[in-house]
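For the sequence shown, my numbering gives the first residue as 57, with consecutive numbering after it.
For each residue, glycine too, the CB sits at the ideal point set by N, CA and C.
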Amino acid sequence: MSVHEIPDELITLERAAEQERARLAGLTGDDYNAQLRRWREASAAFHTAVTEHASTAQISRYELEQAVKKAVRHPEPKDDAADE
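Right under this line is the structure:
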């Protein structure tokens, strides 16, 4: 699955979940627990959207999830020459 086939909504939801996860760093106690809840909620929203899209598009949920995570966590470098 190429990045061009991934709905923007899924990219946005995974980025939001990753941002919430990153905010856990250095937190303790109640602050950590509150942030953990925010991360879990963002992650659940992402997983729900992946499941729905995979079902609608009749594609592998696992492959879709992995493609989105790869696109968000390891983006391909932009080819500046192609933009000219």
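At a Cβ-Cβ threshold of 8 Å, Leu66 and His103 do not count as neighbours.
Counting other Cβ atoms within 10 Å of its Cβ, Glu132 stays below 16 and is therefore classed as exposed.
The alpha carbon of Ala101 has as its nearest neighbour, out of Glu76, Ala127, Tyr88 and Ala123, the alpha carbon of Glu76. In the DSSP assignment, Gly85 falls within the alpha helix (DSSP H) that extends over Gly85 to Ala113. Contact between Ile62 and Ala127 is confirmed by a C-beta separation of about 6 Å, below the 8 Å threshold.
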